[in-house]
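Chains as they are written, first to last, in our numbering: chain A, 1 to 138; chain B, 1 to 138; chain C, 1 to 138; chain D, 1 to 138.
Number of protein chains: 4
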Amino acid sequence: MKNNFKHSATIEYTTSIHDTDAMGVVWHGNYLKFFEKAREALFQKFNCGYKQMIESGYIWPIVDARVKYIAPSLAEQTLQIVATLEEYEHRIKISYTIIDSLTGKKITSGYTIQVAVSTSTHKMSFVTPSFLLELIRL
Amino acid sequence: MKNNFKHSATIEYTTSIHDTDAMGVVWHGNYLKFFEKAREALFQKFNCGYKQMIESGYIWPIVDARVKYIAPSLAEQTLQIVATLEEYEHRIKISYTIIDSLTGKKITSGYTIQVAVSTSTHKMSFVTPSFLLELIRL
Amino acid sequence: MKNNFKHSATIEYTTSIHDTDAMGVVWHGNYLKFFEKAREALFQKFNCGYKQMIESGYIWPIVDARVKYIAPSLAEQTLQIVATLEEYEHRIKISYTIIDSLTGKKITSGYTIQVAVSTSTHKMSFVTPSFLLELIRL
Amino acid sequence: MKNNFKHSATIEYTTSIHDTDAMGVVWHGNYLKFFEKAREALFQKFNCGYKQMIESGYIWPIVDARVKYIAPSLAEQTLQIVATLEEYEHRIKISYTIIDSLTGKKITSGYTIQVAVSTSTHKMSFVTPSFLLELIRL
Chain A
1 MKNNFKHSAT IEYTTSIHDT DAMGVVWHGN YLKFFEKARE ALFQKFNCGY
51 KQMIESGYIW PIVDARVKYI APSLAEQTLQ IVATLEEYEH RIKISYTIID
101 SLTGKKITSG YTIQVAVSTS THKMSFVTPS FLLELIRL
Chain B
1 MKNNFKHSAT IEYTTSIHDT DAMGVVWHGN YLKFFEKARE ALFQKFNCGY
51 KQMIESGYIW PIVDARVKYI APSLAEQTLQ IVATLEEYEH RIKISYTIID
101 SLTGKKITSG YTIQVAVSTS THKMSFVTPS FLLELIRL
Chain C
1 MKNNFKHSAT IEYTTSIHDT DAMGVVWHGN YLKFFEKARE ALFQKFNCGY
51 KQMIESGYIW PIVDARVKYI APSLAEQTLQ IVATLEEYEH RIKISYTIID
101 SLTGKKITSG YTIQVAVSTS THKMSFVTPS FLLELIRL
Chain D
1 MKNNFKHSAT IEYTTSIHDT DAMGVVWHGN YLKFFEKARE ALFQKFNCGY
51 KQMIESGYIW PIVDARVKYI APSLAEQTLQ IVATLEEYEH RIKISYTIID
101 SLTGKKITSG YTIQVAVSTS THKMSFVTPS FLLELIRL
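Take a look at the structure:
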């Protein structure tokens with residue numbers, strides 16, 4: 001493993017009216033959708049989309065998720081979402097930052113933690129399966 | 001088939017802030033969720049939940065959906081949703097009516113059409129599989 | 001009005017796991033979200049986002065929506081969504097087509113109908129307010 | 001304030017296919033919707049729904065949310081969601097537990113933190129506005 005390990009992916013997402021609620025701002029739970037979009041882009045960098053994941057014999061359920069809300073966002077606002085791989089040897093921890101694309105103002109931050117579960121045994125794996133380690137370390 | 005065929009299910013659902021959008025009312029696409037809740041209750045009446053459906057070797061994708069919007073609904077409003085089986089011999093057509101539980105005022109109406117697709121052959125079936133016909137006709 | 005009137009907008013959207021359901025495909029109601037993203041892009045072409053809309057004194061609730069499902073789509077599939085303005089003088093009718101970006105295969109089609117409602121009188125307007133007519137005809 | 005302060009609300013919610021994702025289980029972000037349904041029931045106990053909240057001159061944006069995932073849930077599974085008021089004098093902290101209604105098995109736990117923001121000044125209030133304190137302490 002490289003010492004200065006760091007993998008991240010950045011995407012842009014423009015919010016829609018269906019992302020907002022009657023308070024006039026993006027509903028707080030929807031940021032987990034935006035996190036997911038950036039996480040999917042990050043896994044794509046490792047050539048590990050859902051298709052590859054399932055073929056590998058492991059799924060990666062989220063076991064812990066947290067979102068901190070710094071400023072609201074509105075409909076038709078373009079957000080930049082950065083997902084950064086923080087840990088991967090025993091579990092996958094990804095941190096997220098969402099900023100307003102126009103002003104750079106921070107909107108939310110957060111993280112998710114995922115663990116490997118074998119699709120054949122339904123058992124949790126306490127080390128990251130080797131196929132994913134190899135894809136990440138490439 | 002009985003001439004005076006009619007099957008329906010009625011459920012209540014209280015809207016949440018996450019069902020609304022920045023216009024202050026329930027987002028138009030969410031009525032398809034409320035329709036689905038009533039449709040699921042209707043299929044439960046035939047002892048045909050998702051588990052039974054998948055075990056039967058058929059899935060029932062929606063091929064056509066329509067919603068007519070008569071009046072808006074707000075957060076924390078209790079709605080009554082009625083799903084009525086209109087056709088079932090060649091395809092499943094279900095109609096829906098949503099009213100405000102308190103006043104009886106009509107909010108939306110609509111329908112969905114589903115066809116049987118075999119999970120083994122991935123082919124569409126132009127008659128309703130016999131196991132479902134039997135459950136419906138009981 | 002120009003005789004050969006035609007306004008349309010095309011966007012791309014890559015589906016996420018949260019757009020899918022346990023049948024393994026994009027949940028049928030979510031196509032109304034993709035339609036909305038293309039509709040928002042279309043209104044942006046007229047310089048008429050939500051902010052401008054509300055400032056104009058009118059909102060545009062959807063009164064009728066329909067979706068026809070031709071083929072399923074999966075997670076992490078890139079879709080091209082085209083929104084085309086079909087009518088605008090008395091009501092706004094927009095039609096939609098969604099195709100798979102890679103293969104061009106048609107996934108869904110549909111339409112939405114919106115009417116103008118004055119935010120001060122809460123009355124429906126049977127002609128499109130002049131400010132929007134002017135923006136569309138530019 | 002009573003020393004043995006404790007307020008909680010319990011609701012039941014039956015999951016739908018639209019709550020699940022292609023992994024076959026309820027999508028992780030949707031638990032924030034179920035938390036919200038229980039939180040709304042809790043605030044209703046204080047006679048403080050959204051309507052009363054907005055009339056009070058304060059809104060209560062969520063500034064921190066966390067969900068821990070213990071076991072998956074499926075479509076058409078009935079869940080019991082308990083929301084418990086943990087703190088209210090300076091900020092509103094609510095904890096949540098979701099269990100399977102049938103077996104009592106724990107599915108998720110989590111919390112949300114909300115702060116009062118004046119709708120006129122847009123300023124955050126570091127003490128809970130008196131109208132809400134009174135409703136809670138009744």
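C-beta atoms are modelled at their ideal positions from N, C-alpha and C, and glycine is treated no differently. Note that the coordinates shown come from a computational prediction; the quantities given were computed from them, not determined experimentally.
Output the distance between the C-alpha atoms of L132 of chain C and F43 of chain C, rounded to the nearest integer angstrom.
10 Å
What's the gap between the Cα of N47 of chain D and the Cα of I11 of chain D?
Distance from the CA of N47 of chain D to the CA of I11 of chain D, rounded to the nearest whole angstrom, comes to 17 Å.
Using the Cβ count rule (16 or more neighbours within 10 Å means buried), how would you classify K106 of chain C?
exposed
The alpha helix (DSSP H) with Y31 of chain C in it runs from where to where?
Y31 to K45
Please go through the region 64 to 90 of chain B and give each complete beta strand (DSSP E) segment of 3 or more residues, from N-terminal end onward.
78 to 87
Alpha carbon to alpha carbon, how far is A71 of chain B from T108 of chain B?
7 Å
Should K2 of chain A be labelled buried (16 or more other beta-carbon atoms within 10 Å of its own) or exposed?
Since pLDDT at K2 of chain A reaches only 46, below the 50 mark, its modelled position is unreliable, and the value read off the structure follows with that caveat. Exposed is the call here.
Closer than 8 Å by beta-carbon distance: list the chain A residues that pair up with H28 of chain C, in chain order.
Chain order gives no chain A residues near H28 of chain C, where near means a beta carbon separation below 8 Å; the closest approach is about 15 Å.
Ordered along the chain, which non-local residues of its own chain (more than five positions away) have a Cβ less than 7 Å from that of R91 of chain A?
Answer for R91 of chain A: I113, Q114 and V115, listed in chain order.
With H, G and I counted as helix, E and B as strand and the rest as coil, what does DSSP make of H122 of chain A?
coil
Since I believe E76 of chain A is in contact with V127 of chain A (beta carbons under 8 Å), could you give me their beta-carbon distance rounded to a whole number of angstroms?
With a contact defined as Cβ atoms closer than 8 Å, V127 of chain A and E76 of chain A miss out at about 44 Å.
Could you tell me whether the region 21 to 31 of chain D touches the region 28 to 38 of chain C, where touching means 3 or more Cβ pairs closer than 8 Å?
no
Report the neighbours of K45 of chain C on chain A: residues whose CB is nearer than 8 Å to its CB, in chain order.
Ordered by position in chain A, no residue passes the 8 Å Cβ test against K45 of chain C, which lies about 13 Å from the chain.
What are the partner residues of A22 of chain A, as DSSP defines its beta bridges?
BP columns for A22 of chain A are empty, so no partner.
Taking the continuous beta strand (DSSP E) assigned at E94 of chain B, which residues delimit it?
Note on identity: in this sequence residue 94 of chain B is Ile, with Glu being the wrong assignment. I92 to D100 is the extent of the beta strand (DSSP E) around I94 of chain B.
If we cut at 8 Å on Cβ distances, does G49 of chain B have a partner in chain D?
Yes, its Cβ sits closer than 8 Å to a Cβ of chain D.
Can the beta-carbon of S120 of chain B be found closer than 8 Å to that of G57 of chain B?
yes
DSSP state of S130 of chain D, grouped into three classes?
helix
At the 8 Å Cβ level, is A9 of chain B part of the contact set with chain A, yes or no?
no
For chain C, find out if any of its Cβ atoms is closer than 8 Å to the Cβ of I17 of chain D; answer yes or no.
yes
How about Y13 of chain B and R66 of chain B: are their beta carbons less than 8 Å apart?
Contact: no.
Beta-carbon separation of Y50 of chain C and A38 of chain B under 8 Å?
no
Which two residues bound the contiguous beta strand (DSSP E) that contains K106 of chain B?
K106 to Q114
Could you check the C-alpha separation between V25 of chain A and G104 of chain A for me, to the nearest Å?
Near 18 Å, if we compare the C-alpha coordinates of G104 of chain A and V25 of chain A.
Can you have a look at E40 of chain C and say buried or exposed, based on whether 16 or more other CB atoms are within 10 angstroms of its CB?
buried
Taking P61 of chain C as the query, report the chain B residues whose CB atoms sit under 8 Å from its CB, ordered along the chain.
M23, V25, H28, Y69 and P72
Tell me, please, which residues DSSP counts as bridged to G55 of chain B.
Before going on, a small fix: residue 55 of chain B reads as Glu here, not Gly. In the DSSP output, where bridge partners are listed per residue, E55 of chain B has none listed.
Contact criterion: CB-CB distance below 8 Å. Does E76 of chain C meet it with respect to chain A?
Output row for E76 of chain C: interface = yes.
Determine the direct distance from the alpha carbon of S16 of chain A to that of I17 of chain C, and round the result to whole angstroms.
18 Å
Rounded to the nearest angstrom, what separates N4 of chain A and L85 of chain A at their Cα positions?
Interpretation of N4 of chain A is limited by its pLDDT of 48, a score under 50 that renders its predicted location unreliable; no figure is taken from the coordinates.
Is E12 of chain A close to chain C, meaning its C-beta is less than 8 Å from at least one C-beta of that chain?
no
With 8 Å as the threshold, decide whether the Cβ of T20 of chain B is near any Cβ in chain A.
For T20 of chain B, the answer is yes, since a Cβ of chain A falls inside 8 Å of its Cβ.
What residues in the region 87 to 99 of chain C have a beta carbon less than 9 Å from any beta carbon of chain B?
Answer set for the region 87 to 99 of chain C: empty.
So what does H7 of chain C bridge to, in DSSP terms?
C:L85
Taking all protein chains shown into account, decide if T78 of chain A is buried (16 or more other Cβ within 10 angstroms of its Cβ) or exposed.
So T78 of chain A counts as exposed.
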